[in-house]
Amino acid sequence: MATYVIGDLQGCLTPLVQLLEQIGYSPEQDKLWFAGDLINRGHESLETLRFIKSLGDNATVVLGNHDLHLLAISFGHGKLKRGDTLMEILTARDRDELIDWLRSQPLCHYDAKLNTIMTHAGIPPCWDLSETLTLAKEVENKLQSDSVDEYFATMYGNTPDLWDDKLTGLDRLRAITNYLTRMRFCDENSKLDLKSKEGVDTASKGYAPWFNYPTKLPEGCHIVFGHWAAIEGETQKSHIHALDTGCVWGGSLTALRLEDMQRFSTPCTINRKKS
Numbered sequence: 384m385a386t387y388v389i390g391d392l393q394g395c396l397t398p399l400v401q402l403l404e405q406i407g408y409s410p411e412q413d414k415l416w417f418a419g420d421l422i423n424r425g426h427e428s429l430e431t432l433r434f435i436k437s438l439g440d441n442a443t444v445v446l447g448n449h450d451l452h453l454l455a456i457s458f459g460h461g462k463l464k465r466g467d468t469l470m471e472i473l474t475a476r477d478r479d480e481l482i483d484w485l486r487s488q489p490l491c492h493y494d495a496k497l498n499t500i501m502t503h504a505g506i507p508p509c510w511d512l513s514e515t516l517t518l519a520k521e522v523e524n525k526l527q528s529d530s531v532d533e534y535f536a537t538m539y540g541n542t543p544d545l546w547d548d549k550l551t552g553l554d555r556l557r558a559i560t561n562y563l564t565r566m567r568f569c570d571e572n573s574k575l576d577l578k579s580k581e582g583v584d585t586a587s588k589g590y591a592p593w594f595n596y597p598t599k600l601p602e603g604c605h606i607v608f609g610h611w612a613a614i615e616g617e618t619q620k621s622h623i624h625a626l627d628t629g630c631v632w633g634g635s636l637t638a639l640r641l642e643d644m645q646r647f648s649t650p651c652t653i654n655r656k657k658s
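Okay, here's the thing in structure tokens:
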């Protein structure tokens, strides 16, 4: 049995099918982890969401910022952006079923046996394992609650940009969400810079990629994440694995086999709809 972590799909189902064929995926023996951003920008967003949902217990998913964007719009908050490919989902016959399934997915997954943690954007340097799991659960509980509407109404925004255990209410949930689904650069105190989005050499003064700082996670713990296509799958850290290799932008789709840390990839044609 093998466990494969796959980077951002963003609505690119055809390359995913090709990648699964390449690795010889067996539903009876293998497990698939998906590092968030299942949908949006690619032209197969609806089909991708249906396919991942159909995998049942074989698939472990964490939510990314594009997935949360879809959920917010479905609840009447946020607006479709230029280049979004979400309308097919929002008007699908099984829309409600898909939205409910997506709402039930976590922001963080940890496997103690594999000593591996997965979120969409990474783990802020200021959080240890227990904090990360506990704080992610706060957002997950809100997503699955009857008061989820107020969360989506206030989800968008770049503040608070510095973690404080004393944060409360919707500000607290927004900060957790931003750390786990939008983070790229931060400073030594884990203060976020959410405006810089390019490569590691584009950091503002006093900021660096979050994975350049010491981690509070257990020794040897592997972090797998997506979100940051501009770094092209490179962190220069043996235990930190970037898996967004820009499939939707004409790059490749990457899978990491956790048992031996071997990578597999398939080249992608540009699947992004013209806007």
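Heads up, the sequence shown is in this note's numbering, so the first residue is 384 and it goes up one at a time. Idealized CB from N, CA, C, for every residue including glycine.
Under a 10 Å Cβ-count criterion, PRO592 is classified as buried, with 16 or more other Cβ atoms of the shown protein chains found around its own Cβ.
Closest in C-alpha terms to VAL583, from the list LEU556, GLY603, ILE559 and ILE614, comes ILE614. Bridge partners of VAL607 according to DSSP: MET501 and HIS624. Counting C-beta pairs with one atom in each stretch, the stretch 498–514 and the stretch 604–621 have three or more that are closer than 8 angstroms, which means they touch. When secondary structure is reduced to three states using DSSP, LYS520 falls in the helix class. With a beta-carbon spacing of about 6 angstroms, GLY505 and PHE594 fall inside the 8 angstroms limit used to define contacts. As summarised for the stretch 517–565, the continuous alpha helix (DSSP H) elements at least 4 residues long and confined to that stretch are 531–536 and 552–564, given in chain order. Counting along the chain, the unbroken alpha helix (DSSP H) around ILE435 starts and ends at 428–437. Take GLN401, set aside five residues on each side of it, and the residues of its chain with a beta-carbon closer than 7 angstroms to its own are THR649, in chain order. Here MET384 is exposed. Its C-beta has fewer than 16 other C-beta atoms within 10 Å. For ASN524 and GLU480, the gap between their C-alpha atoms comes out near 19 angstroms. Look at LEU639 here: in three-state DSSP terms it is strand.
Contact between PRO507 and MET566 is confirmed by a C-beta separation of about 6 angstroms, below the 8 angstroms threshold. Leaving aside the five residues that flank GLY629 on each side, the residues in its chain whose CB is nearer than 6 angstroms to its CB run, in chain order, ALA612. The beta carbon of CYS651 is closer than 7 angstroms to those of CYS395, PRO398, CYS630, GLY633, GLY634, SER635 and LEU636 in its chain, skipping five residues each way along the sequence. Of all alpha-carbon atoms in SER428, LYS414 and LEU545, the one lying nearest the alpha-carbon of LEU473 is that of SER428.
Beta-bridge partners assigned by DSSP to THR443: TRP416. Between THR564 and the set LYS496, ASP548, ASP483 and CYS491, the nearest pair of CA atoms involves CYS491. MET538 counts as buried, since at least 16 other C-beta atoms from the protein chains shown sit within 10 angstroms of its C-beta. The C-beta of ARG424 has 16 or more other C-beta atoms within 10 Å across all chains shown, which makes the residue buried.
When secondary structure is reduced to three states using DSSP, SER513 falls in the helix class. Residue range 645–650 is occupied by the beta strand (DSSP E) that includes PRO650, with no alpha helix (DSSP H) assigned at that position. Residue range 386–389 is occupied by the beta strand (DSSP E) that includes THR386.
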